[in-house]
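Worksheet: the structure to be examined is printed underneath.
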Amino acid sequence: MTDESVSFSTFGDAELVSLTGEIDLANAPEIGRAIVRRLQSAGKVLIDLTTVSFLDSAGVRLLDALVGDLQDHGKQARLVVGERGPARMTLKLCAFREDLMATDLTKAAAGFKL
Amino acid sequence: MSDSGGQDVTQELRLPWDDDPNDLYEHAPCGYLTTLPDGTIVKVNQTFLTWTGYARSDLVGHRRFRDLLTSGGQIYHETHYAPLLRMQDDVHEIAFDLVCADGKELPTLINSVLGRGPGGEPRAIRTTVFNATERRGYEKELLHARKFAEASEKRVQVLQQIVADLAAAPTVAEVAEAVLRAPEPAFGAASASIYLVDVEHDQIVAVASTDPTTGDWDDMPRSSARAVARVAQRGDLHVIGSLTEAKEHFPDLVENMRRSGRDTVVLLPLTTGPADESLGAETLGVLAFSFTGEHELSDGELRVVRLLGQQAGQALDRARLYDDARRREERATFLGDLTGSMDELHRLLPRVRRLIDHLVPEIADWGGVRLAVGPQGIDEQAGGPEPDEDLLAARITVVTSSSEPYFPPEGDQVGCVVLPLTARGRILGTLSLRMEPDRKGGPTDEIFLRDLAERVALSLENARLYEQERMIARTLQRSLLAGNLPGGDKRFALEAHYQPGSQDLEVGGDWFDAFMITADRLALVVGDVVGRGIEAATTMGQLRSAVRALATDEAGPARVLQGLDRFVTRVDSARMATVAYAEVDLTTGDLTYACAGHLPPLVHEPVGAPEYLLDARSAALGSRAGDTTRTETTRHLQPGTRLLLYTDGLIERRTRTIDKGFEILAREFARLRDAPTKGLTAALADTLVGREHADDVCLLSLTLGTEERIHRRIGAERAQIALLRADLRAWMVSHAVEPDCLDAVLLACSEAVANAIEHGYRDDPFGSIEVAATVTDDAVEVRVTDHGTWSGPMADVGRGRGLQLIRESMDQVLFDRGGDGTTVTMRRGRREAEK
């Protein structure tokens, strides 16, 4: 399940985490563990949520913790969220910081501080 | 006769000289004694004096007759001679040893007469003494001969017993035991030991001893310089008569002889025949026995000893052949059992495990199988201690490339036999076995192990081929079953489930299919092909294509089945396949169906209990004996009706009747009425057959029409939320709910259910949650009810966010926390997407 929900690649000099499908209470913890395992050494991280078809509060909690941890370690994280769609809706409803979100990868990558 | 002038022999002849009576007395050929009744010698002749060496003066008047006897003779004189004489006045042929003047003893025979006076009173005893030296010698010889004969007879008896024992001893060990018992009773030996020659290991093995404290009690190589080995080599009897001889010829014996107080040692080779006669005589063992005190064996004894050696050798030979035969039989049985037991399991890994279970600890202390099969290969082992992994791996590499088994020499570090498993000219892998050096029992020689490897390889190769075929069939089957079901049409929802039989069986012939005949006509089919494996999978694919080709707008189920009947006349492997076929008119809701030997579909309308569709039944495809008149039946289905097509694996069980199976299926189907459509078939299979079912199971379910109101009951499990969401999503899509509204309702509903699971049923994993939703032109309304106990304030950050999301995404939210649980009622307006 996790294998299908998360995949890892790079975009420029950033580590790219692509999430897809539904993220909810049932699979969020597992997805979180999979990401943490891979991101030990990453400096910049892009989290792509454009193909996420559902995101609940557990998913938001996961993203919140992830971004917070990365920042604590002096690393930067940005989210790629489509202009519309379930992920955007949930994050918006939770008042996720707009400055962390971009609508495509290029814009998100450009947003990293030098 | 006298008249004829012949001599009358009754007349005394006159001697040519005068025979002086006194001279006759003195020099008679026997001794004369005259004694008084008390035995005092009063007269004695010269013959007696000459024999005994006494002077007349020594005796007459000085000695009594009894004084001249040995002490034993004196007692006899007292107890027999004197009383007899007094009673009957004479005694005859009494044997006495006289003690001569020089102390030597003279064996004699005595006759005595008691003379009486006129008044009957004893007056004198006259005694004649005959020299019995020669006679006594004969007697002694006779006695000796008798003793000898007795000893020899005893020896023969002992040997006869041993020969009988040998004949009855079926094993080498028992022969050894019997031979070992011989030397003590037969020859008076102090102890005996037996050694056997082990040709295979080039060893002489110390087998048994009546006194193991004597001798070097251990095995030796056949080439050893020790006495036992040298005698075995030479094959003839060796008698070491004394320590001196031992020092000269077999120095290794000296110390032991000295320590155990032995002076004579006999080393007897046990040969299959006389050593001198046939060159072919083979030495199978050595019997060693020893004597305390130097002991000379007579020729007779030596003959018997040699005979014993041959008898024992032949018995050993016989027992060895018998042992061989029995060992061969045991091995054949072992291998037969092993392969029989392995063949019970079709799949490779279980078969490998069973192999190891059979070998460890029966014939090895540790066993491992490595096979270069499949992506990861197989590496199974059992027992212990394990050999060094690196050394073993290196050895396995050598064996794999050379294809030659490896038998470790003594002291080898790996300590493992490594056998290549070769079948059909290909090395599958290796079987490694470790036997502890002191291991007893179980055949472990090379011939046996090679044989074992050969059998094992063949059995494992068969399992590998089975596995390969199974995989091909499985792949083929998956590719056939994996085709997308028609969907995206709000007028119906399909759900299928295929569960292969538990591990050891081949792919079955169950299949399902669903396709659109026209835009408004849906075809459903579930079937079961006879047989298993690749052929069944292929046939299934052909039937599936045939159904698709035959199903046209005009045909209908009966004509489709007729077409399939024609089809199976050409594809014989499809004969006797069963098929349940149904068509649904999505505009009218009419269901038309037909069953060819297949179990009846199950239908559940929104109101009432589920019922089986028992009409339009006929025999299996191509049946010759059954009724193949194909008919079809049509019935109208209400929106919201669920239809289930399935294969027999779902309800057939050895432990219950099929009626019971039908009953249980109907009950479970009804129970799941409110369960989400998604996952329905899997849940049914789970409840009815479980995971470890031998048979394949195949289900296809159809939910017809759009429900105005959706009502679902789910278990309090996180994974259930996704299933519920799928149902809700499909339901809202079918009602053309706008995307923003839809997403918001899904989110709020998910959070409400999550809350119920996380809080309401925190301590109750078996709780259930009810979700009911209605849609109008203006709004979607959802109600989520649980019966749990909310243990604390909804204050934690995570859930707090959940509640926030519910409130944010919905227009109206009402929490009702009653004593019996919590109900969350939520409403979202459809036109207020841009809230």
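Quick mapping for you: the protein sequence lines, in order, are chains A and B.
Numbering-wise, our numbering comes out as the position in the first sequence, counting from 1, plus 7.
Numbering-wise, our numbering comes out as the position in the second sequence, counting from 1, plus 983.
Backbone N, C-alpha and C define an ideal beta-carbon position, used for all residues, glycine too.
Please read all numbers here as calculations on a predicted model, not as lab measurements.
Interface flag, residue i vs chain A, CB-CB below 7 Å
i: B:G1785; result: yes
i: B:L1788; result: yes
i: B:D1373; result: no
i: B:I1704; result: yes
i: B:E1566; result: no
i: B:E1791; result: yes
i: B:S1385; result: no
i: B:S1733; result: yes
i: B:D1472; result: no
i: B:A1816; result: Bear in mind that the predicted position of B:A1816 carries a pLDDT of just 45, short of 50, making it too unreliable to give a figure here.
i: B:D1726; result: yes
i: B:A1737; result: yes
i: B:R1701; result: yes
Cβ of residue i within 7 Å of any chain B Cβ
i: A:S60; result: no
i: A:A33; result: yes
i: A:M108; result: no
i: A:P36; result: no
i: A:E131; result: The requested residue 131 of chain A is not part of the displayed model; chain A covers only 8 to 121.
i: A:L70; result: no
i: A:S64; result: yes
i: A:L100; result: yes
Residues near residue i by beta carbon distance below 7 Å, same chain, minus five either side
i: B:E1817; result: Because B:E1817 sits at a pLDDT of 44, beneath the cut-off of 50, its placement in the model cannot be relied upon, and the point is left open.
i: B:A1737; result: I1704, G1785
i: B:L1163; result: A1175, I1177, A1191, T1193
i: B:V1180; result: I1187, R1205, A1215, T1266, L1267, G1268
i: A:F18; result: L53, L112, A116
Reduced DSSP secondary structure (H/G/I, E/B, other) of residue i
i: B:E1104; result: coil
i: B:Q1482; result: strand
i: B:P1333; result: helix
i: A:Q47; result: coil
i: B:M1809; result: strand
i: B:G1014; result: strand
i: B:R1353; result: strand
i: B:S1207; result: coil
Own chain partners of residue i with C-beta closer than 6 Å, once the 5 adjacent residues on each side are dropped
i: B:H1480; result: T1664, A1665, A1668, L1682
i: A:L70; result: none
i: A:R68; result: none
i: A:S14; result: S25
Minimum C-alpha distance to residue i - residue among the options
i: B:P1584; options: B:A1762, B:L1526, B:S1733, B:D1598; result: B:D1598
i: B:L1318; options: B:E1437, B:E1419, B:A1456; result: B:E1437
i: B:P1392; options: B:D1300, B:A1406, B:R1417; result: B:R1417
i: B:V1096; options: B:V1074, B:F1113, B:R1164, B:F1495; result: B:V1074
i: B:N1445; options: B:G1100, B:R1330, B:V1543, B:E1345; result: B:R1330
i: B:R1138; options: B:T1111, B:G1171, B:G1510, B:P1153; result: B:G1171
i: B:A1560; options: B:V1508, B:L1052, B:T1535, B:A1538; result: B:V1508
i: A:A102; options: B:F1550, B:Q1787, B:T1062; result: B:Q1787
i: B:L1687; options: B:R1504, B:D1511, B:C1578; result: B:R1504
i: B:F1031; options: B:G1044, B:G1022, B:T1017; result: B:T1017
i: B:A1762; options: B:H1718, B:G1750, B:L1596; result: B:H1718
i: A:K99; options: A:L73, A:D76, A:L77, A:D63; result: A:D63
i: B:Q1294; options: B:L1251, B:G1524, B:R1310; result: B:L1251
i: B:P1012; options: B:L1092, B:F1272, B:F1113; result: B:F1113
Cβ shell of residue i (< 8 Å), same chain only, five flanking positions each side left out
i: A:E90; result: T110
i: B:R1337; result: S1324, M1325, E1327, L1328
i: B:R1106; result: P1020, G1098, R1099, G1100
i: B:A972; result: Here chain B comprises residues numbered 984 to 1818, so residue 972 of chain B is not present and cannot be evaluated.
i: B:R1433; result: P1388, L1402
i: B:R1708; result: L1729, C1732, S1733
i: B:T1275; result: A1173, G1244, R1245, D1246
i: B:A1608; result: A1602
Rounded distance between the beta-carbons of residue j and residue i, thought under 8 Å
i: B:A1161; j: B:A1169; result: The pair is not a contact, with the Cβ atoms about 12 Å apart (cut-off 8 Å).
i: B:V1767; j: B:I1752; result: 7 Å
i: B:P1469; j: B:F1498; result: 6 Å
i: B:V1567; j: B:L1685; result: 7 Å
Beta-carbon neighbours of residue i, restricted to chain E and to distances below 7 Å
i: A:T57; result: This model lacks chain E altogether, as its protein chains are A and B.
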